[in-house]
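This report refers to the structure that appears directly beneath it.
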Amino acid sequence: AQSVTQLGSHVSVSEGALVLLRCNYSSSVPPYLFWYVQYPNQGLQLLLKYTTGATLVKGINGFEAEFKKSETSFHLTKPSAHMSDAAEYFCAVSVGYNQGGKLIFGQGTELSVKP
Amino acid sequence: KAGVTQTPRYLIKTRGQQVTLSCSPISGHRSVSWYQQTPGQGLQFLFEYFSETQRNKGNFPGRFSGRQFSNSRSEMNVSTLELGDSALYLCASSQSGSSTDTQYFGPGTRLTVL
Numbered sequence: 023a024q025s026v027t028q029l030g031s032h033v034s035v036s037e038g039a040l041v042l043l044r045c046n047y048s049s050s051v052p053p054y055l056f057w058y059v060q061y062p063n064q065g066l067q068l069l070l071k072y073t074t075g076a077t078l079v080k081g082i083n084g085f086e087a088e089f090k091k092s093e094t095s096f097h098l099t100k101p102s103a104h105m106s107d108a109a110e111y112f113c114a115v116s117v118g119y120n121q122g123g124k125l126i127f128g129q130g131t132e133l134s135v136k137p
Numbered sequence: 012k013a014g015v016t017q018t019p020r021y022l023i024k025t026r027g028q029q030v031t032l033s034c035s036p037i038s039g040h041r042s043v044s045w046y047q048q049t050p051g052q053g054l055q056f057l058f059e060y061f062s063e064t065q066r067n068k069g070n071f072p073g074r075f076s077g078r079q080f081s082n083s084r085s086e087m088n089v090s091t092l093e094l095g096d097s098a099l100y101l102c103a104s105s106q107s108g109s110s111t112d113t114q115y116f117g118p119g120t121r122l123t124v125l
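Those sequence lines, one after another, are chains A and B.
Residue 23 is where the first sequence starts when you use this note's numbering, and the numbers rise one by one after that.
Residue 12 is where the second sequence starts when you use this note's numbering, and the numbers rise one by one after that.
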């Protein structure tokens, strides 16, 4: 069965510092992986996704993630944090072929950015 | 294109009542999925509909049900509400609901059960 683990429910960084949000997955089949961001009182917005091909994936707002099969990881990074990056971030895996739009989410990581 | 819309945005009900939530997907999207978000359990998959057929269902009791109409709009219903049903209910649409499709989320309906 597929699962997702996000290490650290809260991460705090200073403005301009590197952002690193960790995600590890468990999957018996090649995974399709997603990162979403959620701002207060809003739905989820896709940052980036990995399906096949290049393992370094670039997303919106300067975020990127690297799929590492050997480490079963899909960590999210951004070189320089901005105050507007403060939000909750969710890593998700899409389960199997023909499984009808089911995403399994990690528990989320709340990112705080200090001035 | 307009995004995914959900109505109502906020809802207050009492235990034992039932509630219906509505979701309008992005134009051209045929798959609609529903998720429940709570502080304790996080984001959990409820069910997914494609072309008016439920293709996948999460681990929720039968009090949770849904349907999809021919225009792809979807509703979910919760009967005999319990306090634990208080949550943010998110709807997401995608073109086909395949595993590689991007799911676009609506703003959610915040349900409070008193």
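Even glycine gets a Cβ: it sits at the ideal position worked out from N, Cα and C.
Just so we're clear, the structure is a prediction, and the values are computed from it rather than from any experiment.
Looking at Leu-70 (chain A) and Gly-81 (chain A), is the spacing between their C-beta atoms short of 7 angstroms?
-> yes
Hey, out of B:Gln-17, B:Arg-121, B:Ser-76, B:Lys-12, whose CA is closest to Ser-97 (chain B)'s CA?
-> B:Arg-121
Go ahead and pull the three-state DSSP assignment for Ile-23 (chain B).
-> strand
Contacts of Phe-56 (chain B) in chain A (Cβ-Cβ under 8 angstroms) = Lys-124, Leu-125, Ile-126
Using a beta-carbon distance cut-off of less than 7 angstroms, what residues from the segment 63 to 84 of chain B approach chain A?
-> Arg-66, Asn-67
Is DSSP giving Gly-77 (chain B) helix, strand or coil here?
-> strand
Quick one: what's got a C-beta closer than 7 angstroms to Thr-16 (chain B)'s C-beta in the same chain, skipping five residues either side?
-> Ser-35, Gly-117
Give the straight-line distance between the Cα atoms of Ser-134 (chain A) and Ser-81 (chain B), rounded to the nearest whole angstrom.
-> 43 angstroms
Going straight from the alpha carbon of Val-30 (chain B) to that of Asn-88 (chain B), what length do you get?
-> 6 angstroms
In chain B, which residues lie with their C-beta within 7 angstroms of the C-beta of Thr-99 (chain A)?
-> The contacting residues do not exist; Thr-99 (chain A) stays about 21 angstroms from chain B at best.
Contact with chain B by Ser-116 (chain A), beta-carbon distance below 7 angstroms = yes
For Gln-28 (chain B), which residues in chain A fall below 9 angstroms Cβ to Cβ?
-> Ordered by position in chain A, no residue passes the 9 angstroms Cβ test against Gln-28 (chain B), which lies about 24 angstroms from the chain.
Alpha-carbon spacing of Gly-77 (chain B) relative to Tyr-46 (chain B), whole angstroms | 12 angstroms
In chain B, what lies closer than 7 angstroms to Leu-55 (chain A) by C-beta?
-> Ordered by position in chain B, no residue passes the 7 angstroms Cβ test against Leu-55 (chain A), which lies about 11 angstroms from the chain.
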